[in-house]
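So the protein lines, in turn, are chains A and B. Quick note: the first sequence uses UniProt numbering, first residue 1, plus one each step. Quick note: the second sequence uses UniProt numbering, first residue 1, plus one each step.
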Amino acid sequence: MAGLELLSDQGYRIDGRKATELRKIQARMGVFAQADGSAYLEQGNTKVLAVVYGPHEMRGSRSRARHDRAVINCQYSMATFSTAERKRRPHGDRKSTEMSLHLKQTFEAAVMTQLFPRSQIDIYVKILQSDGGNYSVCVNAATLAVIDAGIPMRDYVCACTVGFVDETPLADLCYAEEGGGVSSLGLALLPRSSQIALVQMDARLHQDNLDALMEAAMTACKGVSKVLDEVVRQHLQEASMLARD
Amino acid sequence: MLKSKTFVKKTRSGGVMKVVREHYLRDDIWCGSESCTECKQESPVLQKDACIESNLCSYPHYLIPDTNVVLHQVDVLEEAVIRNVIILQTVLQEVRHRSAPVYKRVKDMIQDKEKHFYTFTNEHHRETFIEREPGESANDRNDRAIRVAAKWYSEHLKGHQPDGDELRVVLLTNDLGNREKAKENNLLVFKCEEYIKSLIANPELVDRLALSSDDQNDITSNKVLFAEHLPLSVIQTGIKNGSLLQGTFRASRDNYLEATVFVHGGGEDATEVLIQGLQNLNRAVHQDVVAVQLLPQSQWVAPSSVILQDEGEAKDENANEEEDKLQPFTAAQKPTGKVVGIIKRNWRPFCGMLNVSQIKESTRHLFTPAERRIPRIRIETRQASALAGQRIMVAIDGWPKHSRYPNGHFVRSLGKAGEKDTEQEVLLLEHDVPHQPFSQAVLSFLPKMPWAITPEDLEKREDLRHLTVCSVDPPGCTDIDDALHCRELEDGTLEVGVHIADVSHFIRPGNALDSEAANRGTTVYLCGRRIDMVPELLSSNLCSLRSNVDRFAFSCIWELNQKSEILKTRFTKSVINSKASLTYAEAQMRIDDSTKNDNITKSLRGLNKLAKILKKRRIENGALTLSSLEVRFHIDSETHDPIDLQAKELLETNSMVEEFMLLANISVAQKIYDEFPDCAMLRKHPAPPPSNYDILHKASKSQNVEIHTDSAKALAYSLDKASVEGFLYFNTLLRILATRCMMQAVYFCSGMDSDFHHYGLASPIYTHFTSPIRRYADIIVHRLLAVAIGADTTYPDLMDKHKQSALSNNLNYRHKMAQYAQRASVAFHTQLFFKSRGILNEEGFVLFVRKNAIIILIPRFGLEGTVFFDTKDKSAPNLVFDEAGPTLKVEQHTFCIFDKVKVTIRLDDTNIQHQKIRMALVDPVVRIHSRTSAASSCALLKNGNNVFIHLPF
Ligand SMILES: [Zn+2]
Numbered sequence: 001m002a003g004l005e006l007l008s009d010q011g012y013r014i015d016g017r018k019a020t021e022l023r024k025i026q027a028r029m030g031v032f033a034q035a036d037g038s039a040y041l042e043q044g045n046t047k048v049l050a051v052v053y054g055p056h057e058m059r060g061s062r063s064r065a066r067h068d069r070a071v072i073n074c075q076y077s078m079a080t081f082s083t084a085e086r087k088r089r090p091h092g093d094r095k096s097t098e099m100s101l102h103l104k105q106t107f108e109a110a111v112m113t114q115l116f117p118r119s120q121i122d123i124y125v126k127i128l129q130s131d132g133g134n135y136s137v138c139v140n141a142a143t144l145a146v147i148d149a150g151i152p153m154r155d156y157v158c159a160c161t162v163g164f165v166d167e168t169p170l171a172d173l174c175y176a177e178e179g180g181g182v183s184s185l186g187l188a189l190l191p192r193s194s195q196i197a198l199v200q201m202d203a204r205l206h207q208d209n210l211d212a213l214m215e216a217a218m219t220a221c222k223g224v225s226k227v228l229d230e231v232v233r234q235h236l237q238e239a240s241m242l243a244r245d
Numbered sequence: 001m002l003k004s005k006t007f008v009k010k011t012r013s014g015g016v017m018k019v020v021r022e023h024y025l026r027d028d029i030w031c032g033s034e035s036c037t038e039c040k041q042e043s044p045v046l047q048k049d050a051c052i053e054s055n056l057c058s059y060p061h062y063l064i065p066d067t068n069v070v071l072h073q074v075d076v077l078e079e080a081v082i083r084n085v086i087i088l089q090t091v092l093q094e095v096r097h098r099s100a101p102v103y104k105r106v107k108d109m110i111q112d113k114e115k116h117f118y119t120f121t122n123e124h125h126r127e128t129f130i131e132r133e134p135g136e137s138a139n140d141r142n143d144r145a146i147r148v149a150a151k152w153y154s155e156h157l158k159g160h161q162p163d164g165d166e167l168r169v170v171l172l173t174n175d176l177g178n179r180e181k182a183k184e185n186n187l188l189v190f191k192c193e194e195y196i197k198s199l200i201a202n203p204e205l206v207d208r209l210a211l212s213s214d215d216q217n218d219i220t221s222n223k224v225l226f227a228e229h230l231p232l233s234v235i236q237t238g239i240k241n242g243s244l245l246q247g248t249f250r251a252s253r254d255n256y257l258e259a260t261v262f263v264h265g266g267g268e269d270a271t272e273v274l275i276q277g278l279q280n281l282n283r284a285v286h287q288d289v290v291a292v293q294l295l296p297q298s299q300w301v302a303p304s305s306v307i308l309q310d311e312g313e314a315k316d317e318n319a320n321e322e323e324d325k326l327q328p329f330t331a332a333q334k335p336t337g338k339v340v341g342i343i344k345r346n347w348r349p350f351c352g353m354l355n356v357s358q359i360k361e362s363t364r365h366l367f368t369p370a371e372r373r374i375p376r377i378r379i380e381t382r383q384a385s386a387l388a389g390q391r392i393m394v395a396i397d398g399w400p401k402h403s404r405y406p407n408g409h410f411v412r413s414l415g416k417a418g419e420k421d422t423e424q425e426v427l428l429l430e431h432d433v434p435h436q437p438f439s440q441a442v443l444s445f446l447p448k449m450p451w452a453i454t455p456e457d458l459e460k461r462e463d464l465r466h467l468t469v470c471s472v473d474p475p476g477c478t479d480i481d482d483a484l485h486c487r488e489l490e491d492g493t494l495e496v497g498v499h500i501a502d503v504s505h506f507i508r509p510g511n512a513l514d515s516e517a518a519n520r521g522t523t524v525y526l527c528g529r530r531i532d533m534v535p536e537l538l539s540s541n542l543c544s545l546r547s548n549v550d551r552f553a554f555s556c557i558w559e560l561n562q563k564s565e566i567l568k569t570r571f572t573k574s575v576i577n578s579k580a581s582l583t584y585a586e587a588q589m590r591i592d593d594s595t596k597n598d599n600i601t602k603s604l605r606g607l608n609k610l611a612k613i614l615k616k617r618r619i620e621n622g623a624l625t626l627s628s629l630e631v632r633f634h635i636d637s638e639t640h641d642p643i644d645l646q647a648k649e650l651l652e653t654n655s656m657v658e659e660f661m662l663l664a665n666i667s668v669a670q671k672i673y674d675e676f677p678d679c680a681m682l683r684k685h686p687a688p689p690p691s692n693y694d695i696l697h698k699a700s701k702s703q704n705v706e707i708h709t710d711s712a713k714a715l716a717y718s719l720d721k722a723s724v725e726g727f728l729y730f731n732t733l734l735r736i737l738a739t740r741c742m743m744q745a746v747y748f749c750s751g752m753d754s755d756f757h758h759y760g761l762a763s764p765i766y767t768h769f770t771s772p773i774r775r776y777a778d779i780i781v782h783r784l785l786a787v788a789i790g791a792d793t794t795y796p797d798l799m800d801k802h803k804q805s806a807l808s809n810n811l812n813y814r815h816k817m818a819q820y821a822q823r824a825s826v827a828f829h830t831q832l833f834f835k836s837r838g839i840l841n842e843e844g845f846v847l848f849v850r851k852n853a854i855i856i857l858i859p860r861f862g863l864e865g866t867v868f869f870d871t872k873d874k875s876a877p878n879l880v881f882d883e884a885g886p887t888l889k890v891e892q893h894t895f896c897i898f899d900k901v902k903v904t905i906r907l908d909d910t911n912i913q914h915q916k917i918r919m920a921l922v923d924p925v926v927r928i929h930s931r932t933s934a935a936s937s938c939a940l941l942k943n944g945n946n947v948f949i950h951l952p953f
């Protein structure tokens, strides 16, 4: 049997998008009252909940505290019902640990941690439904949660997973595309300054194609940032309306 | 750019494991019609006046074929008159899943600007996407999707053409249910046959129609002749639990009632299953992937050695009676089975000839393919009398269980049988040699003429135009790959340069020109015709290193001392200006003519001197010099008929050029392997297994000569020493035999293999660098070398060892087929030659001895033929075969290898499709009861090849 055709000659992908188009992004901020900040974000069929606590005093071992900045603690997990086959171990496996570490690195680059010495910021993200681009969607959701918590950041951190098929970069891969033998690259970007917070790539890619792929990833991240910006503005508007009442 | 807001999102699920996938619907998918003013399309594909003379549809219209019409009637769709067709995405996807070859052809048509085929992405269009309803099968859903799209088009196109006729869409489907539902929706719908028959101006299209399943009832009786094939699901379970075996079906060439199935990876169990009898063959065709069931051991049989050809027109009823022709045998029995199902058909269009039916009015005729392994095919045509005596192509459509023969349809005519052009076309098609004219897409990547070297080009290259470079080639060569120079340096050392046409400068990776060359793999040389790998502008002009013009080259330059030892090697892209294009004979004359002392001659002498030392050293290291009889036809320049045949003679200059090419190839191989150990394209020649040499040992022993084969060096040495008093030709014959023992040399990717040794050249590493105009492997090697010296950039596929390995496989296949095609071409020309000569008396030597025949070589023509001693009539002579010799005693006379014989040679053209050269023994006279039966037949070996053998490396 022939495999999936990831990009048709007419330029459409399996789900009907064109190469540079993102999936539909919908988000809500402040979904939990108890937490300091929270957000729920859907990017296509990938659905993520992000919750932020802090900044607060160091918990547990004090020795991890830094005198000049806050420590960011991230935990990534996947709901047992998030994939087609029930997941056995929702967190703590190698992949989750690695993902947690990547998130930590991403946000350490974006959050202005030097404003909160000797304290700690906790970011919890949970994948409720997984359909590709898990890392990127988590970053986007966590960004909104951090903003909701009122923690200052240099810029939004926006992330997007891109892949390379038939000499064409595809933006915002879905699960079928990630599994279809595409070499994918995850990029987290601070869009206004075009500073890279994190790039990760496991697959092999020819060096000649890297520039084109990075270019596509940056464009995609900037696209994401526009949507996130709109979500934040909308949220603020609603909040101020409530406050006025 | 975020458009997602305009999309309506739907999810779809299916399969055993629930798959949820997003499915975006868009409103920016255009209809593709020129007449549409609503859609914002840039270059519409479908024409405004889509007119075709049809007595069903007198108005302009677009065609929408359904999946089955595309799959089965692709031959008709490819006709030039069929234009303005809408291929729906639903159809395209189904075709893709069901047949890769048809999918490729459809895609080619879509790309062809003349065809005006438009792909409508209906599954993502907001108004044409439909969801599967509960209880609806996937097929029904797709049929409905096609109807919905057709409906959308007919509404959409309304009212755009105020003047003139309204554009309509016509749905083509052979499915009755689909047709009725379409009519309910007020769609224009026809059966494909119905529509094609309505094309008044093009009656010939009707023959190209494939027979659809509902026509088959009236073409054959309803009596079931074959067992039903098992459905795929049952086959898969059977293969899993071991009750069935999967394998490739190989029909026997000699016996149409017998075949072998090569079981894929069947562990230690039998890897070959014998199939005998029409019932058990059960409609499998050569190269199909089939499922077989083993018979109980009591029913196992031995392969028959009878030659049976399916002749005469059998009625469907008497298939059973034919089984009687197989006789029981006592030889070793083999696992025997029967075909119970077909996993994958591997049908291609076949070349052959029509047997016109005896009944004058009949439109059904049998077609006999040129390839004997393919069964005869029944086709329907109204132009039988015109097609009689022509070579035609026919495609198989299906093989119903109540039909003795498969059903097919006429594809096209290749011309009159026996004519040179026709036969050449046949042998190109049968050997899968791509030989169509280069497409516009390919030609568009050629440099624009007039072409000139720019200053920027010169900047990047070393200017070697001052050197006395010349080329030495066979006469009439227009694709000159290589040129040489040699000059003495001040310190007494010699500088030698091999300059190779810089083809990779013109063929850039990945474009259409490159893909076409990669697919063709090699230029194919037939007698009197060349099928180029790259367009002529490159092969005979811009790349060809002709004399007195500036050309780009890739140069390999050594410094050698007087003992031909390499002191320094370097590679560079260069510009050269060849001072002379010589033939081997001309170069030889210059070297020998002591009065000549110009630069070219001096250069040639230097090269020749060094080459002799190189050759001597190579042979000392164990390189083999084998022999092959290559014949050359002298072709009449006007009629293009062969007028004389002569063995190619080898001059010193042949070997001079060869030595430096070998040296360049080895130097380059080493360089690219050092630089790219994982993805260098190399060529290896494996050592043959010792048993291959059995025949050589036996043959030499019969003349009391000992041949050592433990190593290439020992073999080379003992071949040199082998001679028999008064038998001058003995050594050549031995070398011909030794050539037959060799393995085929192959291309491979260094990252995928560990054994690089080249046995014949006794070199630890080897590649092809010196003929990029005619071999694609050389282009890859050029690119690798260019990257290694920093003259060019790399690209992803070059560094991917899996892709390179796949490419090597294609190149090996193309080279093999090119060689077969070449042999077949020589065989055909040999036949033409003998046709005009009548009966000839010639001397020959016995090359092999078989159980019932001897194989004779005629050195003068390089022709090889078999003389059979058992004839079909009863008066067969008394034969005693001794395998140890091997010798064959026919009545009183004993034949052994190397015997000198006299034969008569003539052309037997009683079967126009399989003309043969027949040899008959004149001396020694074998006394058999009736003298006539001694006149025996001589078929050219496999596809009629004679001893036109290329050295295998
Ligand atoms: Zn339109």
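Note that beta-carbon positions come from the ideal geometry of N, C-alpha and C, so glycine has one too. These numbers come from a predicted model, not from an experiment.
Check                                                                                                                                                            : Outcome
Residue interval of the alpha helix (DSSP H) (run including B/PHE506)                                                                                            : 503-506
Contact with chain C by B/TYR813, beta-carbon distance below 7 angstroms                                                                                         : Checking the listed chains, one finds no chain C in this structure; the protein chains it contains are A and B.
Per-residue DSSP class, three states only, for A/THR106                                                                                                          : helix
B/GLU133 in three-state terms, based on DSSP                                                                                                                     : coil
Heavy atom of ligand 1 within 6 angstroms of B/GLU34 beta-carbon                                                                                                 : no
8 angstroms contact criterion, which B/GLY352 and B/VAL394 should meet: CB distance rounded                                                                      : 7 angstroms
Rounded separation between B/LYS334 and B/GLY341 - CA only                                                                                                       : 21 angstroms
The beta strand (DSSP E) enclosing B/GLY844, as first and last residue numbers                                                                                   : 840-849
Contact list for A/ARG233 against chain B, beta-carbon separation under 8 angstroms                                                                              : None at all; the shortest Cβ gap to chain B is about 15 angstroms.
C-alpha distance - B/ILE29 paired with B/GLU133, whole-angstrom precision                                                                                        : 24 angstroms
Completely contained beta strand (DSSP E) runs for the UniProt domain "Exoribonuclease phosphorolytic" (21-152) of chain A, where each covers 3 or more residues : 25-29, 37-43, 46-57, 71-78 and 119-129
Where the beta strand (DSSP E) through A/SER184 begins and ends                                                                                                  : 183-190
B/GLN333 (DSSP reduced to helix, strand or coil)                                                                                                                 : coil
Cβ contact (3+ pairs, closer than 8 angstroms) linking the region 673-684 of chain B and the region 748-756 of chain B                                           : yes
Own chain residues within Cβ distance below 8 angstroms of A/LEU4, not counting five before or after                                                             : ILE14, ALA176 and GLY180
Inter-residue spacing [alpha-carbon to alpha-carbon] between B/CYS39 and B/CYS31                                                                                 : 7 angstroms
Check: A/GLU178 C-beta below 6 angstroms from any heavy atom of ligand 1                                                                                         : no
Of the listed residues B/LEU278, B/ASP592 and B/SER700, nearest to B/VAL652 (C-alpha basis)                                                                      : A small correction: the amino acid at residue 652 of chain B is Glu; Val does not occupy that position in the sequence shown. For the residues B/LEU278, B/ASP592 and B/SER700, the minimum Cα distance to B/GLU652 belongs to B/ASP592.
Cβ-based burial, B/SER221 [other Cβ within 10 Å; buried from 16]                                                                                                 : In this prediction, B/SER221 scores a pLDDT of 48, lower than 50, which makes its location untrustworthy; no coordinate-derived value is stated.
Segments of 3+ residues assigned as beta strand (DSSP E) that fall wholly inside the region 234-278 of chain B                                                   : 245-251, 258-263 and 272-276
Amino acids of chain A, ordered along the chain, whose beta-carbon sits closer than 7 angstroms to that of B/HIS124                                              : TYR12 and GLY16
Interface flag, A/LEU6 vs chain B, CB-CB below 7 angstroms                                                                                                       : no
Burial state of B/PRO447, where buried means 16 or more other Cβ atoms lie within 10 Å                                                                           : exposed
Which residues DSSP lists as bridging B/HIS409, in chain order                                                                                                   : B/ALA395
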